[in-house]
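**Q**
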Amino acid sequence: MGSSGEWEAVWASARAADAALPSSRYSGRSGMGHFDILIIGGGAAGIAAARAAADAGCKSIALVERKQKLGGILLQCSHPGFGAGLTGEEYAAALVQDFPETVTLFFGTTVLSVEHNKTAHLSGDRQISFSQLILATGSREIPLGALPIAGTRPKGVYTAGQMQEMMNLHGFVPQGPVVILGSGDIGLIMASQIAAMGISVTLVEQKENCGGLARNRRCLKDNSIRLICSQTIDAVEGSPALTGCCLSGGEKIACRTLLIAAGLVPERGLLAELGMPSWLQMCGNCNTVYPMAEGVTADGRKAGIAAFQKIRGKL
Numbered sequence: 005m006g007s008s009g010e011w012e013a014v015w016a017s018a019r020a021a022d023a024a025l026p027s028s029r030y031s032g033r034s035g036m037g038h039f040d041i042l043i044i045g046g047g048a049a050g051i052a053a054a055r056a057a058a059d060a061g062c063k064s065i066a067l068v069e070r071k072q073k074l075g076g077i078l079l080q081c082s083h084p085g086f087g088a089g090l091t092g093e094e095y096a097a098a099l100v101q102d103f104p105e106t107v108t109l110f111f112g113t114t115v116l117s118v119e120h121n122k123t124a125h126l127s128g129d130r131q132i133s134f135s136q137l138i139l140a141t142g143s144r145e146i147p148l149g150a151l152p153i154a155g156t157r158p159k160g161v162y163t164a165g166q167m168q169e170m171m172n173l174h175g176f177v178p179q180g181p182v183v184i185l186g187s188g189d190i191g192l193i194m195a196s197q198i199a200a201m202g203i204s205v206t207l208v209e210q211k212e213n214c215g216g217l218a219r220n221r222r223c224l225k226d227n228s229i230r231l232i233c234s235q236t237i238d239a240v241e242g243s244p245a246l247t248g249c250c251l252s253g254g255e256k257i258a259c260r261t262l263l264i265a266a267g268l269v270p271e272r273g274l275l276a277e278l279g280m281p282s283w284l285q286m287c288g289n290c291n292t293v294y295p296m297a298e299g300v301t302a303d304g305r306k307a308g309i310a311a312f313q314k315i316r317g318k319l
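In terms of the working numbering, the sequence shown opens at residue 5 and continues consecutively.
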């Protein structure tokens, strides 16, 4: 699919397909059941894993998602760059188009723990057993509290992903001026989006050069965003609200909002006491943090196929 017209057609039909998913598949089940494959996480990796396993012939798949809709982090990504110029929401809708009927969906459900006897304990006092487990729980952002930054803990400090969700899903407008720590892709994307609203933005990068993809770095010139390299934030000031940041080079920058875009770490909390049993597959950003959604999707497909092959005794 190369042309914009082809992708527009996919997007239109994908939205209809997403809306048409039976409501019974969106509700959690009570009691205990058994599934050949249990997938935890309904983002790009989990969706791809479910589709691949179903396409390979698996008829017993459960996918557990804590939110009320498939898509994960994609749903809050309003910027283009997924697939052939799709937004994150459009890319997610394309992924769920013609979603397999054999996949049982548990929405609004959290997996609390996984036992060595292949039992998963779900919120709502439910549990299910499985033969193969696919972990597709994504990644989490590094917060302010994990960084060596002194000072108060005032209002106005967020991770970049938190602000992205607040702005794109809830219409929140950040107070300016805004400082963003980290010039990777998410930092650049948020800088571009906020600057386009007429709000002053300063990017602070501890490395010598700006990070991120070239297409995202263009926002610096396009929006006259100030970039400070080879420095970091030593302290934040203000109480109860943020008033400014102190840089390692001695400069103080007045700001009312600080976004932390210091990177992502795989979300593997469920493995703390479980380890890495032979019946476990990890995929997507909980396996390794990918720069592109296409890599996440490909990893999910690989995990779905591998899980079903193990059930059939081919791995």
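Think of the CB as a built atom: it goes at the ideal place given N, C-alpha and C, for glycine as much as any other residue.
Only a predicted model underlies this, so the values are computations on that prediction, with no experimental measurement involved.
#1: Just how far apart, CA to CA, sit TYR30 and THR156?
#2: Which full runs of the beta strand (DSSP E) of 3+ residues lie inside the segment 28-80, going along the chain?
#3: What residue does the alpha helix (DSSP H) around VAL300 start on, and which one ends it?
#4: My parser needs the alpha helix (DSSP H) runs of 4 or more residues fully inside the segment 202-290; what are they?
#5: Determine which residues share a DSSP beta bridge with GLU93 and list them.
#6: If contact is defined by three or more beta carbon pairs under 8 Å, each pair taking one atom from either stretch, is the segment 144-155 in contact with the segment 79-86?
#7: Using beta-carbon positions only, say whether ILE184 and LEU217 come within less than 7 Å of one another.
#8: Give me the Cα-Cα distance between ALA302 and GLY47, rounded to the nearest whole angstrom.
#9: Measure the alpha-carbon distance for GLY288 versus SER133 and round it to whole angstroms.
#10: Per DSSP, VAL182 is paired with what?
#11: Given SER143, which residues of its chain have a CB within under 7 Å of its CB, disregarding the five upstream and five downstream residues?
#12: Can you tell me the Cα-Cα spacing of MET194 and ALA98, whole angstroms?
#13: Whether or not the segment 258-268 and the segment 116-125 are in contact is what I'm after, with contact meaning three or more pairs of Cβ atoms, one per stretch, closer than 8 Å; do they touch?
#14: Can you tell which of ILE44, LEU173, ILE264 has the C-alpha that lies nearest to the C-alpha of THR113?
#15: Taking only three categories from DSSP, how would you classify LEU109?
#16: Within a Cβ cutoff of 6 Å, which residues of the same chain sit near HIS38, ignoring the five residues on either side of it in sequence?
#17: May I ask which residues mark the beginning and end of the alpha helix (DSSP H) holding ILE193?
#18: When we look at the beta-carbon of THR106 and count the other beta-carbons within 10 Å, is it buried (16 or more) or exposed?
#19: Give me, in chain order, the residues of the same chain whose beta-carbon lies closer than 7 Å to that of SER187; leave out the 5 immediate sequence neighbours on both sides.
#20: From GLU93, ILE237, CYS259, VAL205, pick the residue whose C-alpha is nearest to that of CYS379; which is it?
#21: Tell me the rounded alpha-carbon separation between GLN313 and GLY180.
#22: For LEU263 and GLN166, I'd like the C-alpha separation in whole angstroms.
#23: Please report how far the alpha carbon of SER253 lies from the alpha carbon of ILE138, in whole angstroms.
#24: Closest by CA to LYS225, which one among ALA239, LEU192, GLU169?
#25: Assign SER243 to buried or exposed, taking buried as 16 or more other Cβ atoms, counted over all protein chains shown, within 10 Å of its Cβ.
#26: What are the residues that DSSP puts in a beta bridge with THR163?
#27: Does GLU119 come out as helix, strand or coil in the three-state DSSP assignment?
**A** Quick look at the numbers:
#1: Locating residue 30 in the sequence shown gives position 26, where the first residue counts as 1. Locating residue 156 in the sequence shown gives position 152, where the first residue counts as 1. Reliability fails at TYR30, whose pLDDT of 45 lies under 50, so the model's placement of it is uncertain and the value that follows must be treated cautiously. Answer to the nearest angstrom: the Cα atoms are 43 Å apart.
#2: 36-44, 65-69
#3: Position 296 of the sequence shown, counted from the start, is the residue given in the question as residue 300. That run of the alpha helix (DSSP H) goes 297-315.
#4: 218-226
#5: Your numbering for residue 93 matches position 89 in the sequence shown. GLU93 is not bridged to any residue.
#6: no
#7: Here residue 184 refers to the residue found at position 180 of the sequence shown. Here residue 217 refers to the residue found at position 213 of the sequence shown. Cβ distance not < 7 Å, so ILE184 and LEU217 don't count as in contact.
#8: For the purposes of this step, residue 302 is identified with residue 298 of the sequence shown, where counting begins at 1. For the purposes of this step, residue 47 is identified with residue 43 of the sequence shown, where counting begins at 1. If I take the Cα positions, the gap works out to 13 Å.
#9: Against the sequence shown, residue 288 aligns to sequence position 284. Against the sequence shown, residue 133 aligns to sequence position 129. Taking the straight line from one Cα to the other gives about 23 Å.
#10: Position 178 of the sequence shown, counted from the start, is the residue given in the question as residue 182. BP columns for VAL182 point to VAL205, THR261.
#11: Here residue 143 refers to the residue found at position 139 of the sequence shown. Excluding sequence neighbours, SER143 sits near LEU268, VAL269, PRO270, GLU271, ASN289, CYS290, VAL293.
#12: The count along the sequence shown starts at 1 and reaches residue 194 at position 190. The count along the sequence shown starts at 1 and reaches residue 98 at position 94. Near 24 Å, if we compare the C-alpha coordinates of ALA98 and MET194.
#13: no
#14: Numbered from 1 along the sequence shown, position 109 holds the residue referred to as residue 113. Looking at the Cα atoms, ILE44 is the closest of the given residues.
#15: As a first step, residue 109 is located in the sequence shown; it is residue number 105 there, counting from the start. Here LEU109 sits in strand by DSSP.
#16: On the sequence shown, residue 38 is found 34 positions in, with the first residue counted as 1. Cβ neighbours of HIS38 beyond the five flanking positions: SER133.
#17: Here residue 193 refers to the residue found at position 189 when the sequence shown is read from its first residue. Run containing ILE193: 189-199, per the alpha helix (DSSP H) assignment.
#18: Counting from 1 along the sequence shown, the entry for residue 106 is found at position 102. When all chains shown are included, THR106 counts as exposed.
#19: Position 183 of the sequence shown, counted from the first residue, corresponds to residue 187. Closer than 7 Å at the Cβ level, and outside the excluded window around SER187, lie LEU207, GLU209, CYS214, GLY215, GLY216, LEU231.
#20: Only positions 5 to 319 of the chain appear in the structure, and residue 379 is not among them; the question remains open.
#21: The sequence position of residue 313 within the sequence shown is 309, counting from 1. The sequence position of residue 180 within the sequence shown is 176, counting from 1. If I take the Cα positions, the gap works out to 53 Å.
#22: In the sequence shown, the residue the question calls residue 263 occupies position 259. In the sequence shown, the residue the question calls residue 166 occupies position 162. In a straight line, the C-alpha of LEU263 is about 9 Å away from that of GLN166.
#23: Locating residue 253 in the sequence shown gives position 249, where the first residue counts as 1. Locating residue 138 in the sequence shown gives position 134, where the first residue counts as 1. Position check: residue 253 holds Gly in this sequence, whereas Ser was assumed. If you take the alpha carbons of GLY253 and ILE138, they lie about 46 Å apart.
#24: By one-based count along the sequence shown, residue 225 stands at place 221. Comparing Cα-Cα distances from LYS225 to each of ALA239, LEU192, GLU169, the minimum goes to LEU192.
#25: Here residue 243 refers to the residue found at position 239 of the sequence shown. Counting Cβ neighbours within 10 Å, SER243 comes out exposed, since fewer than 16 surround it.
#26: Translated into positions along the sequence shown, residue 163 becomes position 159. According to DSSP, THR163 bridges with ILE264.
#27: Counting from 1 along the sequence shown, the entry for residue 119 is found at position 115. Three-state result, GLU119: coil.
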